[in-house]
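K.L.:
Taking full-length UniProt numbering, the leading residue of the sequence shown gets 1, the next gets one more, and so forth.
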Amino acid sequence: MVKICCIGAGYVGGPTMAVIALKCPSIEVAVVDISVPRINAWNSDQLPIYEPGLEEVVKQCRGKNLFFSTDVEKHVREANIVFVSVNTPTKTQGLGAGKAADLTYWESAARMIADVSKSDKIVVEKSTVPVKTAEAIEKILMHNSRGINFQILSNPEFLAEGTAINDLFKPDRVLIGGRETPEGMKAIKALKDVYAHWVPEDRILCTNLWSAEVSKLAANAFLAQRISSVNAMSALCEATGADVSQVSHAIGFDSRIGPKFLNASVGFGGSCFQKDILNLVYICECNGLPEVANYWKQVIKVNDYQKTRFVNRVVSSMFNTVSGKKIAILGFAFKKDTGDTRETPAIDVCKGLMGDKARLSIYDPQVPQEHIQRDLQMNKFDWDHPIHLQPTSPSTINQVIVASDAYEATKDSHGVCILTEWDEFKNLDYQKIYNNMQKPAFVFDGRNILDVEKLRKIGFIVYSIGKPLDKWLKDMPAVA
Ligand code: NAI
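1) Given I372, which residues of its chain have a CB within under 6 Å of its CB, disregarding the five upstream and five downstream residues?
2) Leaving aside the five residues before and after I458 along the sequence, list all residues of the same chain whose C-beta is less than 8 Å from its C-beta, in chain order.
3) Could you tell me whether the stretch 69-79 touches the stretch 31-49, using the rule of 3 or more Cβ pairs below 8 Å?
4) So T207 is in the beta strand (DSSP E); what residue range does that whole segment cover?
5) Three-state secondary structure (DSSP) at Q390?
6) Quick check on the burial criterion: 16 or more other C-beta atoms within 10 angstroms. Buried or exposed for M318?
7) Straight-line CA distance for V315 to R447?
8) Please go through the same chain and pick out, in chain order, the residues whose beta-carbon is closer than 6 Å to the beta-carbon of K91, but skip the five residues on each side of it.
9) Please return the same chain residues whose Cβ sits closer than 8 Å to the Cβ of Q390, not counting the five positions on each side in sequence.
10) Tell me which same chain residues have a C-beta within less than 8 Å of the C-beta of H388, skipping the five on either side of it?
11) On the DSSP bridge assignment, give the partners of L47 in chain order.
12) Counting only the same chain and skipping the five closest in sequence on each side, list residues whose C-beta sits under 8 Å from that of M1.
13) Out of E453, L262, F268, F444, state which residue places its alpha-carbon closest to the alpha-carbon of A328.
14) Out of I165, H197, F83, which has the shortest C-alpha to C-alpha gap to F150?
15) Round the Cβ separation of V322 and I465 to the nearest angstrom and send it over; I've been treating them as touching at under 8 Å.
16) Starting from A328, follow its DSSP beta bridges and name the residues at the other end.
17) In terms of residue numbering, what span does the alpha helix (DSSP H) encompassing E73 cover?
18) Check whether the Cβ atoms of T341 and V311 lie closer than 8 Å to each other.
19) How big is the Cα-Cα spacing for G162 and T338?
20) Go ahead and pull the three-state DSSP assignment for N449.
21) When you measure from the CB of R456 to every non-hydrogen atom of the ligand NAI, does any distance come out below 7 Å?
22) For G10, which residues of its own chain have a beta-carbon under 7 Å away from its beta-carbon, when the five flanking residues on both sides are left out?
23) Is the stretch 203-213 touching the stretch 224-236 in the sense that three or more CB pairs, one from each, lie closer than 8 Å?
24) Please go through the same chain and pick out, in chain order, the residues whose beta-carbon is closer than 7 Å to the beta-carbon of L360, but skip the five residues on each side of it.
25) Which first and last residues belong to the beta strand (DSSP E) in which F169 is found?
26) If we count the other Cβ atoms within 10 Å of its Cβ and call it buried at 16 or more, is K186 buried or exposed?
27) What do you get for R313, buried or exposed, if any count of 16 or more other CB atoms within 10 angstroms of its CB means buried?
28) Which partner residues of V86 appear in the DSSP bridge assignment?
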């Protein structure tokens, strides 16, 4: 029987392995983690992450051929294939701080694999890693292997949070990179056989190791670049009276461009885009390619610009100050259908408004109060280090209250900011919300999900990213 062990029971390790277990009943899958609360949650009715469809998949296989455990060494020792899906955050200190990937967690996992293994293994990079990481991992494993043969494969994950289960059931492609040696090809075939249980063969792409590693960084860079491109256009639309939704629609009809990923917004977030682009920038710099590094750096700069622009728009619209004013924040997760707040634009927007002394009342259907308080107190890049994965009880920020629904959050507020595109925000009773707000009442739609004309008829002053501005907003000072 093939035995798989996955080190790292996070947003990638958990769902990916649950789907492998579901689709391959003949394979035993163990997901292991050093975080006891995380593993306890995977073994409970309250899974540690919210992801549509995940619970059903886990319930079907848990205890049969899917196991969650903290006994990392035992399961690694017994496995033929070991996936490593630990976090690869941005370094916060030392060489490359603020850019390079911190491979501490990866290296410690690799050393542990070498220490406990008693039989040959295929070690699969599931985490997103800098190109050439496989070479470093190979060295660690080979120098500590005591004659055991390890084959390293790169099998980056392309799932998107919020649609992870669907993405795993029907992936656009599965990418497997390996050494172009007979042993390497054999390892590629073994992993291909796992995916072939449910993924059509023509969607399983096999490359060399470095192409697979670069492809993951390239894919995230291209996706983020699309968002920054349309966001850059949104600023131009506001300045000229064009409507960014109409522009996206028009350019998306070009089959070379395509319609997806062209929604203007307050900016991209999530654990990957910024981290992976910073990592790409660092790799380019280290390889003597400053022009390429600067090109990709601009994607992040535009994203930061978009968040700052949003905050400035809120403040300037409300007579150039939000000091002491109650601002309702609807949505804190980095996108809908997830409770994940890593690098969510809401953090920067909230911090920006707090910097101008606003009082915030925040509501998100999936993000609990303690996470919101914790995130608003954390330093940049600290979020992806495991200590923060443990539940903590941070002190509360007086300027921030967390509401239990959108009506409570917006009551008596001066303005409402939509920061996540949750479906429930589209169908709120905005007349009721307007009646309970201070006047003039403002709505700042950072996701372009609301019917602007309807809101204006109710009486709101509305700002929607990249849309023609209200006369009120046009008369306010220009936003930089
Ligand atoms: P995560 O932070 O949710 O999970 C990582 C887990 O690894 C944590 O639970 C941590 O406790 C555990 N861990 C760290 N060191 C360990 C060790 N030595 N032994 C056992 N467990 C250990 O991270 P997430 O989001 O699952 O991401 C993992 C990797 O996958 C990252 O490299 C990320 O860039 C990549 N990725 C993430 C995607 C996403 O949507 N979140 C999508 C595609 C790739």
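In this text, a Cβ means the ideal position worked out from N, Cα and C, and glycines have one as well.
This structure is a prediction, so every number in the text was calculated from the model and none was measured.
P.N.:
With the structure as the only source:
1) F332, I362, V402
2) Y430, Q431, Y434
3) yes
4) 204-208
5) Its pLDDT being 46, under 50, Q390 is placed unreliably in this model, and the value from its coordinates should be taken loosely. DSSP places Q390 in coil when its eight states are reduced to three.
6) buried
7) 18 Å
8) A97, A100, D102
9) Below a pLDDT of 50, predicted positions are generally treated as unreliable, and Q390, at 46, falls in that range; the measurement from the model is reported next regardless. Contacts found: S35, P37.
10) Per-residue confidence for H388 stands at a pLDDT of 46, beneath the threshold of 50, marking its modelled position as unreliable; the derived number appears in the next sentence. Excluding positions up to five away in sequence, the list reads R374, M378, D382.
11) L47 pairs with nothing; no bridge assigned.
12) S26, I27, E28
13) F444
14) F83
15) The Cβ separation is near 18 Å, so there is no contact.
16) S361, V416
17) 72-78
18) no
19) 5 Å
20) A small fix is needed here, since residue 449 is Ile in this sequence, not Asn. Three-state DSSP puts I449 in coil, outside helix and strand.
21) no
22) S85, N87
23) no
24) I327, I329, C350, L353, M354, Q399, V400
25) Segment 164-169 is the alpha helix (DSSP H) holding F169; no beta strand (DSSP E) there.
26) exposed
27) buried
28) DSSP, once it has assigned bridges, lists no residue as partnering V86.
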